[in-house]
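Numbering (our numbering), first residue to last: 401 to 577.
Just so it is clear, CB atoms sit at the ideal spot from N, CA and C, and this is done for glycine as well.
Some notes on the structure that comes next.
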């Protein structure tokens, strides 16, 4: 949903999708954001073609407002295989929880603070597209698990990450100064 860069994991997601397709698991992805560099955009397009995923991986560009909401509503799972050096909190993960999406993400920086493995999604090590495929496959085959993990994420969002909760924390922090 934000910056697209070789360390944000889009290439690992496409490789994971290739593994899934080879296993006979139907899948598709929508990727949104802005490419950091033109040469990376060209690499992305080239790898998508090499993996025969042109019909399965759609690049949406930069999304805002209702378009962004629609993209979250379209999804069954949110995949975030980032190993971006500046990845800290992952606001997009909170957005995914808001929309009741189970998450497949990496054990990287602050991501495990938001994604609890087996509760609201799955965590995999970085640069492991086959492991991403394994977790996506589990979720693809088990609708009840997808729904339950999505509900778990939504409960966590409501308990900790709504605007009201944020404002309460800010008020508390400022009152302690």
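Beta-carbon proximity of residue i to residue j, cut-off 8 Å
i           : j           : result
residue 405 : residue 440 : yes
residue 503 : residue 520 : yes
residue 493 : residue 511 : yes
residue 484 : residue 408 : yes
residue 500 : residue 550 : yes
residue 557 : residue 498 : yes
residue 540 : residue 427 : yes
Residue i - DSSP class collapsed to helix/strand/coil
i           : result
residue 480 : strand
residue 501 : coil
residue 524 : strand
residue 509 : coil
residue 405 : coil
residue 542 : coil
residue 423 : coil
residue 431 : strand
Closest by C-alpha distance to residue i, when choosing among the options
i           : options            : result
residue 529 : 547, 515, 506      : 506
residue 402 : 487, 427, 424, 453 : 487
residue 430 : 475, 544, 481      : 475
residue 480 : 465, 535, 568      : 535
residue 420 : 525, 466, 451      : 451
residue 515 : 489, 537, 540      : 489
residue 553 : 568, 469, 478, 456 : 478
residue 546 : 496, 564, 570      : 496
residue 410 : 426, 438, 425, 443 : 443
Contacting residues, own chain, Cβ-Cβ under 7 Å from residue i (five flanking each side not counted)
i           : result
residue 517 : 523
residue 433 : 401, 402, 403, 404, 462
residue 414 : 447, 448, 451, 453, 457
Near the ligand MG: residue i beta-carbon under 7 Å from a heavy atom
i           : result
residue 574 : With respect to the ligand MG, the structure offers nothing, as it holds no ligand at all.
Own chain partners of residue i with C-beta closer than 8 Å, once the 5 adjacent residues on each side are dropped
i           : result
residue 423 : 533, 537
Sequence-distant residues of the same chain with beta carbon closer than 6 Å to residue i, five excluded per side
i           : result
residue 561 : 494
residue 542 : none
residue 425 : 537, 540
residue 578 : Residue 578 cannot be examined here, being either before or after the span of the chain that is shown, 401 to 577.
C-beta neighbour in chain B for residue i, strict 8 Å
i           : result
residue 566 : The displayed structure is made up of one protein chain only, and chain B is not part of it.
Quiz item: Counting only runs that start and end within the stretch 433-498, where is the beta strand (DSSP E) found for 3 or more residues in a row?
Solution: 457-461, 478-480
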